[in-house]
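Chains as they are written, first to last, in the numbering used here: chain P, 484 to 918; chain X, -15 to 200.
For glycine and all other residues, C-beta sits at the position ideal for the given N, C-alpha and C.
Below is one structure; the comments refer to it alone.
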Amino acid sequence: MNDQIFFDLAMKAIARQASVSERAELEALLSLHPELKAEFERLQADADKARKTLALASATEAVSPELPAYLRGRLQTKVRQTLGRAPAPDGRNRKMVWNWRWILGLAAGATAVVLLLSVKFTEEQPALMKLDLAANPHASRQIQTAKTADAPAVAPVRSHSPAAASPAPTASRQKLEIASAEAPIPLRQHAAAPLTPTNVTREVVDAAAPVSPQPPMAATMTPTNNLPAGNVLAYSDTMVAAAGNSDRPATVRSHPFYNASPAPSGRMAGSPPSAKAAGASRSEVASWFAAAGLKTPSAFGGALVADAPIQLNYTPVNLQVSLPAHRWKKIPISVSRADMLSIELHVAKGNPINVALIHAGELADLEQTNGVIRSKKLQKASLPEFKAVKIIDYSQKHLIEAGDFLVVLQDTTMGILSAATNDIEIHICLTRKEP
Amino acid sequence: MSGLSMAGQCDILGVMQPPELKSLQQGDGAAWDLAFSWLWPAAFGAAQITLQTHLPAEAEDVAVEALEELVEKVGGVKSVEELRPLAAGIAHHRAVSRLRRHFAVKRGSGKTESLNGGGGEADCVPQETELDSPLASLEQKELAGALREVLAKLKSPQGDIVADFFLHGLSYDEIAQKHQLALGTVGVYLKRGLDAMRRIWERKQKKLQEGTPILR
Chain P
484 MNDQIFFDLA MKAIARQASV SERAELEALL SLHPELKAEF ERLQADADKA RKTLALASAT
544 EAVSPELPAY LRGRLQTKVR QTLGRAPAPD GRNRKMVWNW RWILGLAAGA TAVVLLLSVK
604 FTEEQPALMK LDLAANPHAS RQIQTAKTAD APAVAPVRSH SPAAASPAPT ASRQKLEIAS
664 AEAPIPLRQH AAAPLTPTNV TREVVDAAAP VSPQPPMAAT MTPTNNLPAG NVLAYSDTMV
724 AAAGNSDRPA TVRSHPFYNA SPAPSGRMAG SPPSAKAAGA SRSEVASWFA AAGLKTPSAF
784 GGALVADAPI QLNYTPVNLQ VSLPAHRWKK IPISVSRADM LSIELHVAKG NPINVALIHA
844 GELADLEQTN GVIRSKKLQK ASLPEFKAVK IIDYSQKHLI EAGDFLVVLQ DTTMGILSAA
904 TNDIEIHICL TRKEP
Chain X
-15 MSGLSMAGQC DILGVMQPPE LKSLQQGDGA AWDLAFSWLW PAAFGAAQIT LQTHLPAEAE
45 DVAVEALEEL VEKVGGVKSV EELRPLAAGI AHHRAVSRLR RHFAVKRGSG KTESLNGGGG
105 EADCVPQETE LDSPLASLEQ KELAGALREV LAKLKSPQGD IVADFFLHGL SYDEIAQKHQ
165 LALGTVGVYL KRGLDAMRRI WERKQKKLQE GTPILR
């Protein structure tokens, strides 16, 4: 059987073009070869599809009729609704746009983090200075500071932080109140201002901000009891040490006075009006103290000297220190003779801190040019009996030779997820060694 | 084949040159204005072929709907040459859908239809196999692709001979005379052309069944 003959007969029959004889011939073939019936039906289906396909293909190539004008508006509306008027970027450009968006987003995020960190490190530290003096029935008088620029400043507050390294403002914003036992009045002292006899000048604490400048601190001194005779007041931008002749210890606390309210600028009531903001002599301060009914600065054992350490003389010294996260501070102490040194420390609020006791002269070797002290080097330099890492409570007592030392407190946390500030209570005491 | 040879006419005319695809995808109104003129014959022709027997008045409506759908799908097109077959494919599918709805309404409206085939509405209702032909089952893009392949495969004189026979209804003798061929050669061209189209359909159908991602 010739396939082409069958195909031709089938096509003619499907197209209704077959003659009578051709139809008879096809029927004869289908009867002789029944398997061709399926092939014939297949050709019928294919012919139908071919007709439709070719019709569509033909339409695809058609050039007429023209688009009716009244339909253009409708179609253009559809274009505007779907694709918009503005040229839309192609896929490549869109990808670039998204890449830029990612880059800008990341840059904004990084900037935000940097700003956040900057704010953290520049955050002003609380500096409440509270003088909790031992009971003294003779000191129930009040000293009110006056608003004057010629307050009896003794020495400028010094700070190791970059910001504090700038000259302190001459305008004194200090207010000294010595309250009666019944109604204590806060004694306030702005740290950046020139010092007065009451905040007798000594830098007790050193803050080295490794990242950003530290703003000047303020302090409040509140004699919660009668002013004791022979107190030693040690002051710093963030901390004051007080030691009285009485058996009761004095407490000093820092306070963020600087931000709390603008302290009055002026001089202290009863203070020598001629005293200069900075560089006042010890005699001037002493005279002012005398006028205020306080012990003269001489009774402070040289504590008036700005950088002089706390002279430990068997009187307990209580300190409350505000230590910012990621910073360190030093408490200079001076031991006149070999005795038993007791240091007790408690982090009332904040992060575990490192503690070290080093010779005063070693600080320069430890401190880097940017003010940072590495914790490992600090611990290595510390007297072994007094070093501690990540502590909340600390109590050490050991024989110590005479000399100047620094109690160094260091918070190694970043203060982002941890506390930004530590409130630390320190009790330092020198006791006579056993014979 | 007159329909297939129109491709050359279109190129020669120049006025019907297709606009840039990028301009169309960017929503350029002027480019689309040109494109609508270029695409309209394809869409309208495809709709008319399907609807001319039963709903000839709706061919224009179907064609404009097809072009609206084409606007939505232009983002997935890779070359501007795909647009006319795609427009025709969309129009064909819409026309088939329109026919189905039309006859479904007629059947469901309670109208009495002659069961003996003696005229009336029943005679106008196309066979299901006619509406559910393999062409209708092909997705729009597959159909457009099939049309493009057919146009590419059936070069002259094969394409013209096939079109003359299936589209224009010319007989073997008329085709032989028209193309100055031996009578026996006409059948050979027809058989080869039909085999080529069958292979294209089978390939498209197989691709469709395999679930190849396609533009609907």
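Which residues DSSP lists as bridging residue i, in chain order
{"i": "P/A807", "result": "Residue 807 of chain P is actually Pro in this sequence, not Ala. The partner list for P/P807 (beta bridge, DSSP) reads P/T904."}
{"i": "P/L892", "result": "P/K812, P/V838"}
{"i": "P/I793", "result": "P/I816"}
{"i": "P/I883", "result": "P/D822"}
{"i": "P/L913", "result": "P/L824"}
{"i": "P/H829", "result": "P/D876, P/E908"}
{"i": "P/L802", "result": "P/I909"}
Among the options, the one whose alpha carbon lies nearest that of residue i
{"i": "X/K57", "options": "P/A552, P/K561, P/Y553", "result": "P/K561"}
{"i": "X/L202", "options": "X/A88, X/L8, X/S155", "result": "In the structure displayed, chain X extends from -15 to 200; residue 202 of chain X sits before or after that span and is not available."}
{"i": "X/G153", "options": "P/S819, P/S504, P/Q500", "result": "P/Q500"}
{"i": "P/R563", "options": "X/V170, X/D17, X/A71, X/L35", "result": "X/D17"}
{"i": "P/E508", "options": "P/E518, P/E884, P/H881, P/I488", "result": "P/I488"}
{"i": "X/I145", "options": "X/G129, X/L178, X/E133", "result": "X/L178"}
{"i": "P/F490", "options": "X/Y156, X/W185, X/W24", "result": "X/Y156"}
{"i": "X/A71", "options": "X/P141, X/A15, X/R85, X/P25", "result": "X/P25"}
{"i": "P/S819", "options": "P/R810, P/L806, P/D887, P/W583", "result": "P/D887"}
{"i": "P/K916", "options": "P/M823, P/P792, P/F523", "result": "P/M823"}
{"i": "X/W22", "options": "X/I33, X/V64, X/A79", "result": "X/V64"}
{"i": "P/V597", "options": "P/L526, P/M897, P/S901", "result": "P/M897"}
{"i": "P/A808", "options": "P/G556, P/A542, P/S601, P/L558", "result": "P/S601"}
{"i": "X/A180", "options": "X/A136, X/A166, X/K191", "result": "X/A136"}
{"i": "X/Q1", "options": "X/G13, X/F20, X/G11, X/A43", "result": "X/F20"}
{"i": "P/N905", "options": "P/A885, P/K832, P/K863", "result": "P/K832"}
{"i": "X/G73", "options": "X/G168, X/E158, X/I33", "result": "X/I33"}
{"i": "P/A864", "options": "P/L519, P/D486, P/E845", "result": "P/E845"}
{"i": "P/N485", "options": "P/L519, P/A540, P/L537, P/L566", "result": "P/L519"}
{"i": "X/Q142", "options": "P/L849, P/L537, P/E549", "result": "P/L537"}
{"i": "P/K812", "options": "P/A821, P/L795, P/R857", "result": "P/R857"}
{"i": "X/G11", "options": "P/A496, P/L550, P/L492, P/Q559", "result": "P/Q559"}
{"i": "X/D148", "options": "P/W585, P/T914, P/E510, P/A533", "result": "P/A533"}
{"i": "P/L900", "options": "P/N834, P/L587, P/D529", "result": "P/N834"}
{"i": "X/A30", "options": "X/H77, X/E133, X/L174, X/R84", "result": "X/H77"}
{"i": "P/E454", "options": "P/K859, P/K860, P/L861, P/K880", "result": "There is simply no residue 454 of chain P to check, as chain P begins at 484 and stops at 918 in what is shown."}
{"i": "X/H86", "options": "X/E42, X/A47, X/G60", "result": "X/E42"}
Test: residue i CB closer than 7 Å to a CB of chain A
{"i": "P/Q500", "result": "In summary, chain A is missing from the structure at hand, where the protein chains are P and X."}
### Query
Does the region 839 to 858 of chain P come close enough to the region 797 to 808 of chain P to have 3 or more Cβ pairs within less than 8 Å?
With the rule of 3 Cβ pairs closer than 8 Å, the region 839 to 858 of chain P does not count as touching the region 797 to 808 of chain P.
#### Entry: the region 829 to 841 of chain P touching the region 871 to 881 of chain P, judged by at least three CB pairs closer than 8 Å
yes
### Query
Does the region 811 to 830 of chain P come close enough to the region 899 to 913 of chain P to have 3 or more Cβ pairs within less than 8 Å?
yes
### Query
Where in the region 839 to 877 of chain P do unbroken runs of the beta strand (DSSP E), each at least 3 residues long, occur, reported from the N-terminal end onward?
871 to 874
### Query
Using Cβ-Cβ distances below 8 Å, what residues of the region 495 to 529 of chain P are close to chain X?
K495, A498, Q500, L526, D529
### Message
If we require 4 or more residues per run, which alpha helix (DSSP H) segments fall completely within the region 495 to 536 of chain P?
### Response
Segments of the alpha helix (DSSP H) lying fully in the region 495 to 536 of chain P: 503 to 515.
#### Entry: chain X contacts made by the region 544 to 558 of chain P, where a contact means CB separation under 8 Å
E544, A545, V546, S547, P548, E549, L550, P551, L554, R555, R557, L558
### Query
Do the region 878 to 894 of chain P and the region 583 to 591 of chain P meet, that is, are 3 or more Cβ pairs less than 8 Å apart?
Cβ pair count under 8 Å is below three, so no.
### Task
Pull out every residue of the region 165 to 177 of chain X whose Cβ sits closer than 9 Å to any Cβ of chain P, in chain order.
Contact residues of the region 165 to 177 of chain X toward chain P are G168, V170, G171, V172, L174, K175, G177 (C-beta to C-beta distance below 9 Å).
### Message
Can you confirm whether the region 503 to 517 of chain P touches the region 37 to 49 of chain X when touching is taken to mean that 3 or more C-beta pairs between the two stretches lie within less than 8 Å?
### Response
no
### Task
Can you give me, in chain order, the residues of the region 125 to 137 of chain X that have a beta carbon less than 9 Å from any beta carbon in chain P?
L127, A128, A130, L131, R132, V134, L135
### Task
Select from the region 73 to 92 of chain X all residues with a C-beta closer than 9 Å to any C-beta belonging to chain P, and list them in chain order.
G73, A75, H76
### Query
Quick one: complete alpha helix (DSSP H) runs, 4+ long, within the region -6 to 42 of chain X?
5 to 9, 13 to 35
### Query
If you scan the region 141 to 193 of chain X from start to end, which runs of the alpha helix (DSSP H) of 4 or more residues do you find wholly inside it?
142 to 150, 156 to 163, 167 to 193
#### Entry: Sufficient close CB pairs (3 or more, under 8 Å) joining the region 539 to 554 of chain P to the region 161 to 169 of chain X
With the cut-off at 8 Å, the region 539 to 554 of chain P and the region 161 to 169 of chain X do not touch.
### Message
If the cut-off is 7 Å on Cβ atoms, which residues from the region 840 to 851 of chain P count as contacting chain X, listed in chain order?
### Response
Per Cβ criterion, the list is empty.
### Query
Relative to chain P, which residues along the region 16 to 32 of chain X have a C-beta separation below 7 Å, given in chain order?
W16, D17, F20, S21, W24, P25, A26, F28, G29, A30
### Task
Mind checking the region 30 to 57 of chain X against chain P and listing, in chain order, the residues whose C-beta falls within less than 8 Å of any C-beta there?
A30, Q32, I33, E44, V48, L51, E52, V55, E56
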